[in-house]
Amino acid sequence: MSMNDPLGDMLTRIRNAQMRGKSTVRTPASKLRAWVLDVLQSEGYIRGYEEVTTDAGHKELVIGLKYFDGTPVIRELSRVSKPGRRVYAGAKEIPQVRQGLGVSIVSTPKGVMSDAAARNANVGGEVLCQVF
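This note's numbering applies: residue -13 is where the sequence shown begins, and numbers increase by one.
As C-alpha cells, this is what we get:
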C-alpha cells in the first residue's frame, strides 16, 4: 500500500488490528493522525493513544483499541475524502452517520472535530472519515 494516504493507512491498521482482536496498534505519528485520534477518543471509540519513539528514532502513535464483550466498539471505519477525490461539506451539509449514531470526522479551519461539533461551531470542511 502506498503512503499517499497516511490517514487511510492508519484507519486500515485499526480495522486490521481489531479483526485480530489486538489491544493496541501502532502507526507512524503525524499531527493529522493525532487530531483524528483525539476525536475518536473523545467520542469513546478508542481507549486512547500515546506517542512513543522507536529504537530507530521514529515517532509512533500507540493506539489503545476498545472492545465491548469481545466485540470492537468501532464497527465501521471508512475514509470519505481521499487523496484522489477530496470531499468537502459546508456546515449545513455535513453528513450524519447512521442517523447520528455514528460520527463524521471533519477537518475544519477551527481544527479537526466531530460532525456535531462542526455543526455547533457552524464550520464546514473536509470530511475525513466516518465511524460507527
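All C-beta atoms, glycine included, are put in the ideal place defined by N, C-alpha and C.
Could you check whether residue j and residue i sit closer than 8 Å to each other, using their CB atoms as the reference points?
i, j, result
"serine 93", "glycine 111", "yes"
"glycine -6", "arginine 65", "yes"
"isoleucine 32", "lysine 52", "yes"
"valine 73", "proline 95", "no"
"glutamate 36", "alanine 15", "no"
Please work out which residues of its chain come closer than 6 Å, Cβ to Cβ, to residue i, disregarding the five sequence neighbours upstream and downstream, and give them in chain order.
i, result
"threonine 39", "Lys45"
By Cβ distance below 7 Å, which residues in the same chain neighbour residue i in space, the five residues on each side in sequence not counted?
i, result
"glycine 88", "Gln116, Val117, Phe118"
"arginine 19", "Pro(-8), Leu(-7), Met(-4), Thr13, Leu47"
"methionine -11", "Asp(-5)"
Would you call residue i buried or exposed, if buried means 16 or more other Cβ atoms sit within 10 Å of its Cβ?
i, result
"methionine 5", "exposed"
"threonine 10", "exposed"
"glycine 56", "exposed"
Once you ignore the five residues that flank residue i on each side, which residues in its own chain have a CB closer than 8 Å to its CB?
i, result
"glutamate 29", "Val89, Ser100, Val117"
"aspartate 24", "Val98"
- Is there contact between the region 45 to 60 and the region 102 to 111, where contact requires at least three CB pairs shorter than 8 Å? no
- With a floor of 3 residues, list each beta strand (DSSP E) that falls wholly inside the region 33 to 68, ordered by position along the chain. 45 to 51, 63 to 65
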